[in-house]
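First up is the structure itself, then whatever we jot down about it.
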Amino acid sequence: MITHILAAIAFGFLLISISYRHALLLKKAAKSTAFFISLLFAVFVAGMTYLALIFTAAIKDTMFFMPAIATIIILLVLSFKAYFNTRRSKLADALFDIKTPKIVIPFAFATSFEAFLAYSGTGFLQPDKWIALAISGGTAFIFMWFGFVAGNRPNAIKNIRVFIHFASIVYILAALSTLLYIFIFEA
């Protein structure tokens, strides 16, 4: 469960980077707009978490190597993806008009695919399904909301890439906690 919590925190940092850079677009909107956008992202993340847990339960027994190794590989790939996304990507600085449902719903759906990958990795370690859903949805909502609140501050962090670097580090910590899982539970 530690690996799942760390993956949820890492994905939460990615959500902070999204909401932080879009917060100024919502400065003149109603306060409830940021709440509902955060709730929408949390619902999509929880849905993808549920699909990821079903997916990993279905394929776990057919793997020819230890499922914990797949967890380590997936989390390390996500860590390197997050790190290299900050190097040359202009997408990390892109802004979308997230006030309109025509934009925010596909954006939440597209963002939740990384949640599917992250929680597919942690699903191999057999977390309790309902606790995992609560953790992933709750952290997605809290971190997204925190990003909107922090982004409205005038002299805050200038570059959102800091949050993506934090996500990369926490993904590596989640992969290392999987090694601990291997030594404790599968040794």
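Following the numbering used here, the numbering of the sequence shown begins with 317 at its first residue and continues without gaps. Every residue gets a Cβ at the ideal spot worked out from N, C-alpha and C, and that includes glycine.
Whole-number beta carbon distance between residue j and residue i, since they are thought to touch under 8 angstroms
i	j	result
A448	G328	Contact flag wrong, Cβ pair sits at about 14 angstroms.
T494	K415	Not a contact, Cβ separation roughly 39 angstroms.
V359	A431	Wrong, their Cβ atoms sit about 11 angstroms apart, outside the cutoff.
I332	F459	5 angstroms
L504	G467	Examination of residue 504 is not possible in this model, given that the chain is present from 317 through 503 alone.
F371	S428	With a Cβ gap of about 14 angstroms, F371 and S428 do not count as contacting.
Among the options, nearest to residue i - alpha-carbon criterion
i	options	result
R403	T365, S484, T494 and I498	S484
A386	I480, Q442, F482 and P422	Q442
H320	T427, R477, F400 and T438	T438
I389	A490, F499, F501 and E502	A490
F462	A323, I334 and L322	I334
K343	F464, F352 and I500	F464
G363	W446, P417 and K376	W446
F396	L496, I500 and F482	F482
Local Cβ density within 10 Å of residue i, reported as buried at 16 or more and exposed below that
i	result
I419	exposed
M379	exposed
L369	buried
A426	exposed
R469	exposed
A323	buried
L391	buried
Alpha-carbon to alpha-carbon, residue j and residue i
i	j	result
F357	G453	9 angstroms
A398	I480	6 angstroms
A450	A384	22 angstroms
K347	A326	26 angstroms
D444	P422	29 angstroms
L276	V478	The requested residue 276 does not occur in the structure, where the chain is confined to residues 317 to 503.
A424	V393	22 angstroms
I488	A434	12 angstroms
I498	T365	22 angstroms
F352	R337	17 angstroms
E502	L367	25 angstroms
F412	I476	15 angstroms
I375	A345	45 angstroms
M382	L492	15 angstroms
I318	V486	12 angstroms
A373	P417	33 angstroms
D377	I500	20 angstroms
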